[in-house]
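J.: Structure provided below as C-alpha coordinates; questions to follow.
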(Lines of atoms letter the chains of each structure in order from A; the text may use other names.)
(Lines give C-alpha, C1' and ligand atoms only; values in the text may rest on other atoms or scores of the structure.)
Protein backbone atom coordinates (compact mmCIF):
# COMPACT_ATOMS: atom_id res chain seq x y z
CA UNK A 254 0.00 0.00 0.00
CA UNK A 255 0.94 3.63 -0.42
CA UNK A 256 0.28 5.27 2.93
CA UNK A 257 0.26 8.90 4.04
CA UNK A 258 1.49 9.31 7.62
CA UNK A 259 0.68 12.71 9.10
CA UNK A 260 2.84 13.81 12.00
CA UNK A 261 5.49 11.62 10.42
CA UNK A 262 8.48 13.29 12.07
CA UNK A 263 7.07 12.83 15.56
CA UNK A 264 7.69 9.98 17.99
CA UNK A 265 4.80 7.70 17.04
CA UNK A 266 4.59 8.79 13.40
CA UNK A 267 8.26 8.21 12.62
CA UNK A 268 8.28 4.82 14.33
CA UNK A 269 5.13 3.88 12.41
CA UNK A 270 6.71 4.97 9.12
CA UNK A 271 9.74 2.75 9.77
CA UNK A 272 7.56 -0.27 10.54
CA UNK A 273 5.46 0.26 7.42
CA UNK A 274 8.60 0.51 5.28
CA UNK A 275 10.04 -2.62 6.88
CA UNK A 276 7.01 -4.63 5.80
CA UNK A 277 7.12 -3.28 2.23
CA UNK A 278 4.68 -0.36 2.12
CA UNK A 279 5.46 2.94 0.39
CA UNK A 280 5.27 5.86 2.81
CA UNK A 281 4.81 9.59 2.38
CA UNK A 282 5.23 11.45 5.67
CA UNK A 283 4.31 15.04 6.42
CA UNK A 284 5.02 17.22 9.45
CA UNK A 285 4.96 20.97 10.10
CA UNK A 286 7.78 20.99 12.69
CA UNK A 287 5.72 23.02 15.15
CA UNK A 288 7.54 24.49 18.12
CA UNK A 289 6.04 22.10 20.69
CA UNK A 290 9.40 20.36 20.73
CA UNK A 291 12.80 20.47 19.07
CA UNK A 292 13.02 20.47 15.29
CA UNK A 293 16.42 18.81 15.60
CA UNK A 294 14.89 15.88 17.49
CA UNK A 295 12.29 15.46 14.75
CA UNK A 296 14.96 15.63 12.04
CA UNK A 297 16.80 12.87 13.87
CA UNK A 298 13.59 10.80 13.75
CA UNK A 299 13.52 11.31 9.99
CA UNK A 300 17.17 10.28 9.74
CA UNK A 301 16.22 6.98 11.36
CA UNK A 302 13.55 6.43 8.71
CA UNK A 303 15.93 7.24 5.86
CA UNK A 304 18.52 4.90 7.30
CA UNK A 305 15.94 2.10 7.37
CA UNK A 306 14.96 2.41 3.70
CA UNK A 307 16.29 -0.61 1.82
CA UNK A 308 17.80 -2.15 4.96
CA UNK A 309 16.82 -5.80 4.98
CA UNK A 310 18.46 -6.59 8.33
CA UNK A 311 16.03 -6.59 11.24
CA UNK A 312 18.27 -5.37 14.05
CA UNK A 313 17.34 -5.10 17.70
CA UNK A 314 16.38 -1.55 18.63
CA UNK A 315 19.63 -0.93 20.52
CA UNK A 316 21.80 -2.23 17.64
CA UNK A 317 19.76 -0.22 15.18
CA UNK A 318 20.14 3.06 17.09
CA UNK A 319 23.86 2.42 17.64
CA UNK A 320 24.41 1.98 13.90
CA UNK A 321 22.52 5.18 13.16
CA UNK A 322 24.50 7.15 15.72
CA UNK A 323 27.71 6.13 13.96
CA UNK A 324 26.33 7.59 10.72
CA UNK A 325 24.70 10.64 12.30
CA UNK A 326 27.24 13.16 11.05
CA UNK A 327 26.82 11.89 7.50
CA UNK A 328 23.04 12.35 7.68
CA UNK A 329 23.11 15.75 9.35
CA UNK A 330 25.68 17.16 6.92
CA UNK A 331 23.39 16.47 3.97
CA UNK A 332 21.31 19.24 2.43
CA UNK A 333 17.84 18.34 3.66
CA UNK A 334 16.24 19.89 0.59
CA UNK A 335 18.02 17.21 -1.43
CA UNK A 336 16.93 14.20 0.62
CA UNK A 337 13.14 14.46 0.77
CA UNK A 338 12.77 11.47 -1.58
CA UNK A 339 14.36 8.14 -0.62
CA UNK A 340 12.60 5.86 -3.08
CA UNK A 341 9.90 4.17 -1.03
CA UNK A 342 9.93 7.01 1.52
CA UNK A 343 9.17 10.65 0.87
CA UNK A 344 8.88 13.51 3.33
CA UNK A 345 7.31 16.93 2.89
CA UNK A 346 7.22 19.75 5.41
CA UNK A 347 3.54 20.57 5.35
CA UNK A 348 0.86 21.89 7.72
CA UNK A 349 -2.47 20.05 7.69
CA UNK A 350 -4.26 23.41 8.03
CA UNK A 351 -2.99 24.32 4.54
CA UNK A 352 -5.71 22.85 2.33
CA UNK A 353 -4.11 23.91 -0.96
CA UNK A 354 -0.78 22.29 -0.10
CA UNK A 355 -2.56 19.13 1.02
CA UNK A 356 -4.60 19.09 -2.17
CA UNK A 357 -1.42 19.21 -4.25
CA UNK A 358 0.01 16.34 -2.19
CA UNK A 359 -3.07 14.18 -2.79
CA UNK A 360 -2.94 14.97 -6.52
CA UNK A 361 0.75 14.00 -6.65
CA UNK A 362 0.24 10.66 -4.91
CA UNK A 363 -2.44 8.01 -5.16
CA UNK A 364 -2.81 7.08 -1.49
CA UNK A 365 -4.42 3.81 -0.49
CA UNK A 366 -4.61 4.79 3.17
CA UNK A 367 -4.06 7.67 5.57
CA UNK A 368 -2.64 7.27 9.09
CA UNK A 369 -3.57 10.57 10.73
CA UNK A 370 -1.35 11.24 13.75
CA UNK A 371 -0.61 14.95 13.25
CA UNK A 372 -2.00 17.03 16.10
CA UNK A 373 -1.29 19.66 18.65
CA UNK A 374 -0.46 17.33 21.51
CA UNK A 375 -0.37 17.67 25.27
CA UNK A 376 -3.11 18.53 27.73
CA UNK A 377 -1.49 21.43 29.67
CA UNK A 378 -0.46 23.39 26.56
CA UNK A 379 -4.02 23.16 25.23
CA UNK A 380 -5.15 25.37 28.12
CA UNK A 381 -2.82 28.10 26.89
CA UNK A 382 -3.72 27.89 23.19
CA UNK A 383 -7.18 26.34 22.77
CA UNK A 384 -7.81 28.09 19.43
CA UNK A 385 -4.62 26.61 17.96
CA UNK A 386 -5.67 23.14 19.10
CA UNK A 387 -9.04 23.60 17.45
CA UNK A 388 -7.51 24.80 14.17
CA UNK A 389 -5.02 21.93 13.92
CA UNK A 390 -6.89 19.03 15.50
CA UNK A 391 -10.35 19.72 14.08
CA UNK A 392 -9.90 21.82 10.93
CA UNK A 393 -6.82 19.84 9.89
CA UNK A 394 -8.67 16.55 10.33
CA UNK A 395 -11.57 17.80 8.20
CA UNK A 396 -9.10 18.79 5.47
CA UNK A 397 -7.64 15.29 5.43
CA UNK A 398 -11.01 13.56 5.46
CA UNK A 399 -12.31 15.79 2.69
CA UNK A 400 -9.31 15.17 0.45
CA UNK A 401 -9.31 11.45 1.25
CA UNK A 402 -12.91 11.27 0.08
CA UNK A 403 -12.22 13.33 -3.06
CA UNK A 404 -9.22 11.21 -4.02
CA UNK A 405 -10.52 7.70 -3.47
CA UNK A 406 -8.62 6.83 -0.29
CA UNK A 407 -10.15 3.62 1.03
CA UNK A 408 -8.80 3.50 4.59
CA UNK A 409 -8.30 6.18 7.23
CA UNK A 410 -7.00 5.70 10.78
CA UNK A 411 -7.51 8.61 13.16
CA UNK A 412 -5.15 8.86 16.12
CA UNK A 413 -7.54 9.66 18.95
CA UNK A 414 -6.71 9.65 22.65
CA UNK A 415 -7.66 8.08 25.96
CA UNK A 416 -8.16 11.65 27.19
CA UNK A 417 -11.66 11.56 25.67
CA UNK A 418 -12.76 9.48 28.68
CA UNK A 419 -12.26 12.48 30.99
CA UNK A 420 -11.90 12.03 34.73
CA UNK A 421 -14.25 9.10 35.04
CA UNK A 422 -13.93 6.57 37.86
CA UNK A 423 -15.64 3.93 35.72
CA UNK A 424 -12.79 1.56 34.90
CA UNK A 425 -11.57 -0.06 32.79
CA UNK A 426 -12.45 2.33 29.97
CA UNK A 427 -14.76 0.68 27.45
CA UNK A 428 -15.40 2.14 23.99
CA UNK A 429 -19.16 2.29 24.62
CA UNK A 430 -19.06 4.43 27.78
CA UNK A 431 -19.80 8.15 28.01
CA UNK A 432 -17.11 10.36 26.47
CA UNK A 433 -19.05 13.62 26.39
CA UNK A 434 -17.28 15.21 29.35
CA UNK A 435 -13.66 15.96 28.33
CA UNK A 436 -11.72 18.06 30.84
CA UNK A 437 -9.24 19.78 28.51
CA UNK A 438 -9.37 21.49 25.11
CA UNK A 439 -7.05 18.77 23.78
CA UNK A 440 -9.46 16.01 24.81
CA UNK A 441 -12.40 17.94 23.37
CA UNK A 442 -10.69 18.23 19.98
CA UNK A 443 -9.96 14.51 19.92
CA UNK A 444 -13.59 13.67 20.67
CA UNK A 445 -14.72 16.06 17.95
CA UNK A 446 -12.33 14.33 15.56
CA UNK A 447 -14.01 11.01 16.28
CA UNK A 448 -17.44 12.48 15.59
CA UNK A 449 -16.30 13.99 12.29
CA UNK A 450 -14.76 10.65 11.30
CA UNK A 451 -18.07 8.88 11.95
CA UNK A 452 -19.90 11.44 9.80
CA UNK A 453 -17.53 10.99 6.86
CA UNK A 454 -17.71 7.21 7.03
CA UNK A 455 -21.51 7.37 7.16
CA UNK A 456 -21.69 9.63 4.12
CA UNK A 457 -18.85 8.37 1.93
CA UNK A 458 -17.13 5.20 0.76
CA UNK A 459 -14.19 5.18 3.18
CA UNK A 460 -13.31 2.80 6.02
CA UNK A 461 -12.35 4.61 9.23
CA UNK A 462 -11.02 3.41 12.57
CA UNK A 463 -10.53 5.81 15.47
CA UNK A 464 -7.68 4.42 17.58
CA UNK A 465 -7.86 5.67 21.15
CA UNK A 466 -4.18 5.81 22.01
CA UNK A 467 -3.38 5.13 25.66
CA UNK A 468 -0.32 6.93 26.91
CA UNK A 469 1.99 8.38 27.64
CA UNK A 470 3.37 6.25 24.82
CA UNK A 471 6.95 5.50 25.82
CA UNK A 472 10.09 3.88 24.52
CA UNK A 473 13.32 4.89 22.76
CA UNK A 474 13.17 8.39 21.24
CA UNK A 475 10.01 9.31 23.11
CA UNK A 476 9.06 12.95 22.67
CA UNK A 477 11.70 14.81 24.73
CA UNK A 478 9.32 17.37 26.20
CA UNK A 479 6.54 16.78 28.70
CA UNK A 480 5.99 13.01 28.59
CA UNK A 481 6.50 11.14 31.85
CA UNK A 482 9.01 8.38 31.12
CA UNK A 483 11.40 10.52 29.07
CA UNK A 484 10.99 13.49 31.41
CA UNK A 485 11.82 11.33 34.42
CA UNK A 486 14.90 9.86 32.72
CA UNK A 487 16.18 13.25 31.65
CA UNK A 488 15.57 14.81 35.06
CA UNK A 489 17.68 12.09 36.69
CA UNK A 490 20.35 12.41 33.99
CA UNK A 491 20.59 16.16 34.64
CA UNK A 492 20.63 15.66 38.43
CA UNK A 493 17.20 17.23 38.83
CA UNK A 494 14.65 15.58 41.15
CA UNK A 495 11.85 13.74 39.34
CA UNK A 496 8.70 15.86 39.66
CA UNK A 497 5.56 13.86 40.42
CA UNK A 498 2.14 15.49 40.59
CA UNK A 499 0.26 15.22 43.88
CA UNK A 500 0.76 12.05 45.88
CA UNK A 501 1.72 10.08 42.76
CA UNK A 502 -1.06 7.53 43.12
CA UNK A 503 -2.52 8.44 39.71
CA UNK A 504 -2.33 5.46 37.37
CA UNK A 505 -1.50 5.47 33.68
CA UNK A 506 -2.08 2.80 31.05
CA UNK A 507 1.23 3.68 29.43
CA UNK A 508 1.82 1.76 26.19
CA UNK A 509 5.22 0.83 24.77
CA UNK A 510 5.87 2.22 21.30
CA UNK A 511 6.20 -1.21 19.60
CA UNK A 512 2.82 -2.30 20.93
CA UNK A 513 1.10 0.96 20.01
CA UNK A 514 2.45 0.95 16.46
CA UNK A 515 1.56 -2.71 15.99
CA UNK A 516 -1.99 -1.84 17.02
CA UNK A 517 -2.15 1.06 14.58
CA UNK A 518 -0.92 -1.13 11.72
CA UNK A 519 -3.57 -3.71 12.60
CA UNK A 520 -6.13 -0.90 12.33
CA UNK A 521 -5.04 0.01 8.80
CA UNK A 522 -5.14 -3.66 7.75
CA UNK A 523 -8.59 -4.34 9.21
CA UNK A 524 -11.59 -4.71 6.90
CA UNK A 525 -13.97 -2.64 9.02
CA UNK A 526 -16.31 0.13 7.86
CA UNK A 527 -16.15 2.11 11.12
CA UNK A 528 -15.04 1.44 14.65
CA UNK A 529 -13.49 3.00 17.73
CA UNK A 530 -10.87 0.87 19.47
CA UNK A 531 -8.77 1.22 22.61
CA UNK A 532 -5.09 0.60 21.87
CA UNK A 533 -3.48 0.28 25.30
CA UNK A 534 -2.18 -2.34 27.71
CA UNK A 535 -4.97 -2.99 30.17
CA UNK A 536 -2.34 -2.82 32.94
CA UNK A 537 -2.10 0.66 34.49
CA UNK A 538 0.98 1.63 36.50
CA UNK A 539 1.06 4.31 39.21
CA UNK A 540 3.12 7.41 38.54
CA UNK A 541 5.01 6.66 41.76
CA UNK A 542 5.99 3.26 40.37
CA UNK A 543 7.07 4.83 37.07
CA UNK A 544 9.32 7.22 38.97
CA UNK A 545 10.75 4.49 41.23
CA UNK A 546 11.54 2.25 38.25
CA UNK A 547 13.36 5.14 36.61
CA UNK A 548 15.52 5.60 39.71
CA UNK A 549 16.15 1.85 39.87
CA UNK A 550 17.42 1.56 36.29
CA UNK A 551 19.23 4.91 36.20
CA UNK A 552 20.97 3.99 39.45
CA UNK A 553 20.49 7.39 41.10
CA UNK A 554 18.12 10.30 41.70
CA UNK A 555 15.28 11.36 43.96
CA UNK A 556 11.60 12.33 43.73
CA UNK A 557 9.82 15.60 44.54
CA UNK A 558 6.04 15.83 44.77
CA UNK A 559 4.45 19.02 43.40
CA UNK A 560 0.91 20.38 43.11
CA UNK A 561 -1.37 18.48 40.74
CA UNK A 562 -2.94 20.43 37.83
CA UNK A 563 -6.72 20.37 37.40
CA UNK A 564 -6.29 18.55 34.08
CA UNK A 565 -4.64 15.49 35.67
CA UNK A 566 -7.01 12.53 35.66
CA UNK A 567 -6.91 9.91 38.40
CA UNK A 568 -6.52 6.94 36.10
CA UNK A 569 -6.32 5.79 32.49
CA UNK A 570 -7.13 2.12 32.07
CA UNK A 571 -7.91 0.51 28.72
CA UNK A 572 -10.28 -2.37 28.26
CA UNK A 573 -8.61 -3.84 25.17
CA UNK A 574 -10.93 -6.82 24.76
CA UNK A 575 -12.61 -5.31 21.69
CA UNK A 576 -9.26 -4.67 19.95
CA UNK A 577 -8.19 -8.20 20.87
CA UNK A 578 -11.36 -9.64 19.34
CA UNK A 579 -11.51 -7.43 16.24
CA UNK A 580 -7.81 -7.03 15.43
CA UNK A 581 -6.00 -9.75 17.37
CA UNK A 582 -4.17 -6.95 19.22
CA UNK A 583 -2.50 -7.55 22.56
CA UNK A 584 0.23 -5.48 24.22
CA UNK A 585 3.35 -7.52 25.02
CA UNK A 586 5.87 -5.19 26.69
CA UNK A 587 5.44 -4.51 30.41
CA UNK A 588 6.33 -1.09 31.78
CA UNK A 589 9.56 -2.07 33.54
CA UNK A 590 10.96 -3.87 30.50
CA UNK A 591 10.04 -0.94 28.29
CA UNK A 592 11.64 1.70 30.49
CA UNK A 593 14.82 -0.42 30.74
CA UNK A 594 15.04 -0.38 26.93
CA UNK A 595 14.34 3.34 26.85
CA UNK A 596 17.12 4.09 29.34
CA UNK A 597 19.56 1.86 27.42
CA UNK A 598 18.96 3.83 24.21
CA UNK A 599 18.89 7.20 25.98
CA UNK A 600 22.41 6.63 27.33
CA UNK A 601 23.66 6.17 23.75
CA UNK A 602 22.23 9.48 22.56
CA UNK A 603 24.50 12.45 21.70
CA UNK A 604 24.95 15.34 24.12
CA UNK A 605 22.72 17.72 22.14
CA UNK A 606 19.80 15.30 22.47
CA UNK A 607 20.27 14.78 26.19
CA UNK A 608 20.41 18.56 26.71
CA UNK A 609 17.01 19.26 25.11
CA UNK A 610 14.28 21.06 27.07
CA UNK A 611 12.67 18.90 29.75
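Numbering (the working numbering), first residue to last: 254 to 611. Each residue gets a CB set at the ideal place from its N, CA and C atoms; glycine is no exception.
Please list the segments of the beta strand (DSSP E) lying wholly inside the stretch 399–486, counting only runs of 3 or more residues, in order along the chain.
T.: Taking only runs of at least 3 residues, the beta strand (DSSP E) segments lying wholly in the stretch 399–486 are 408–414 and 460–466.
J.: Taking the alpha carbon of residue 585 as the point to measure from, which residue in 512, 297, 505 and 412 has its own alpha carbon closest?
T.: Out of 512, 297, 505 and 412, 512 has the C-alpha closest to the C-alpha of residue 585.
J.: For residue 505 and residue 535, what's the separation of their Cα atoms in angstroms?
T.: When rounded, the distance between both Cα atoms is 10 Å.
J.: Can you list, in chain order, the residues of its chain with a C-beta nearer than 6 Å to that of residue 463? Leave out the 5 residues immediately preceding and following it.
T.: So the list reads 411, 413, 447, 450 and 529, once near-sequence residues are dropped.
J.: Under a Cβ-count criterion, where at least 16 other Cβ atoms within 10 Å of its own Cβ denotes burial, should residue 427 be classed as buried or exposed?
T.: So residue 427 counts as exposed.
J.: Does DSSP put residue 521 in a helix, in a strand, or in coil?
T.: Three-state result, residue 521: helix.
J.: Can you have a look at residue 456 and say buried or exposed, based on whether 16 or more other CB atoms are within 10 angstroms of its CB?
T.: Exposed is the call here.
J.: So if DSSP puts residue 531 in a beta bridge, which residue, or which two residues, is it bridged to?
T.: 465, per the DSSP bridge assignment.
J.: Terminal residues of the continuous beta strand (DSSP E) containing residue 567?
T.: Note, residue 567: premise wrong, no beta strand (DSSP E); not H, not E.
J.: Can you look up residue 385 in the DSSP assignment and give me helix, strand or coil?
T.: Residue state, collapsed to three classes: helix.
J.: Along the chain, where does the alpha helix (DSSP H) that runs through residue 545 open and close?
T.: From DSSP, the alpha helix (DSSP H) with residue 545 extends over 540–551.
J.: If contacts are defined as beta-carbon pairs under 8 Å, then residue 459 and residue 407 qualify, I think. What distance do you get, rounded to the angstrom?
T.: Yes, residue 459 and residue 407 are in contact; Cβ-Cβ is about 6 Å, under 8 Å.
J.: Measuring only the C-alpha atoms, how far is residue 605 from residue 578?
T.: Looking at the two C-alpha atoms, the distance is approximately 44 Å.
J.: Output needed for residue 282: all residues of its chain with C-beta closer than 6 Å, excluding positions within five of it in sequence on either side, in chain order.
T.: Excluding positions up to five away in sequence, the list reads 258, 261, 270 and 344.
J.: I need the boundaries of the alpha helix (DSSP H) containing residue 270, first residue and last residue.
T.: Counting along the chain, the alpha helix (DSSP H) containing residue 270 begins and ends at 264–275.
J.: At what residues does the alpha helix (DSSP H) containing residue 344 begin and finish?
T.: No alpha helix (DSSP H) holds residue 344; the beta strand (DSSP E) holding it covers 342–346.
J.: Taking DSSP as the reference, what is the three-state secondary structure of residue 303?
T.: Reduced to three states, the DSSP call for residue 303 is helix.
J.: Take residue 558 as the anchor and find which of 503, 609 and 569 has the nearest alpha-carbon.
T.: Checking every option, the nearest Cα to that of residue 558 belongs to 503.
J.: Following the continuous alpha helix (DSSP H) through residue 257, name the residue where it begins and the one where it ends.
T.: Careful: residue 257 lies outside any alpha helix (DSSP H), inside the beta strand (DSSP E) at 255–259.
J.: Taking the alpha helix (DSSP H) that residue 353 falls in, what are its first and last residues?
T.: Note, residue 353: alpha helix (DSSP H), 352–361.
J.: Mind checking which residues open and close the beta strand (DSSP E) that includes residue 282?
T.: Here the beta strand (DSSP E) through residue 282 covers 279–284.
J.: Apply the 10 Å Cβ neighbour rule to residue 369 and answer buried if 16 or more other Cβ atoms are within range, or exposed otherwise.
T.: Answer is buried; the Cβ neighbour count reaches 16.
J.: Secondary structure at residue 597, three-state DSSP: helix, strand or coil?
T.: Note: residue 597 maps to helix in three-state DSSP.
J.: Going by DSSP, what residues sit across from residue 556 in a beta bridge?
T.: DSSP, once it has assigned bridges, lists 495 as partnering residue 556.
J.: CB-CB under 8 Å to residue 543, same chain, minus the five flanking residues each way: which ones, in chain order?
T.: Answer for residue 543: 481, 482, 485, 505, 507, 588 and 592, listed in chain order.
J.: In the structure shown, what three-state DSSP assignment does residue 588 receive?
T.: DSSP places residue 588 in helix when its eight states are reduced to three.
J.: Candidates 490, 564 and 573: which alpha carbon is nearest residue 602's?
T.: Among 490, 564 and 573, the Cα nearest to that of residue 602 belongs to 490.
J.: Would you kindly check if the distance between the Cβ of residue 533 and the Cβ of residue 571 is under 8 Å?
T.: In this structure, residue 533 lies closer than 8 Å to residue 571 by Cβ.
J.: What is the DSSP secondary structure of residue 378, reduced to helix, strand or coil?
T.: Three-state result, residue 378: helix.
J.: Check whether the stretch 388–397 touches the stretch 420–435, taking contact to mean three or more Cβ pairs, one atom from each stretch, closer than 8 Å.
T.: No contact exists between the stretch 388–397 and the stretch 420–435.
J.: Can you check DSSP and say which residues form a bridge with residue 368?
T.: Paired residues: 258 and 410.
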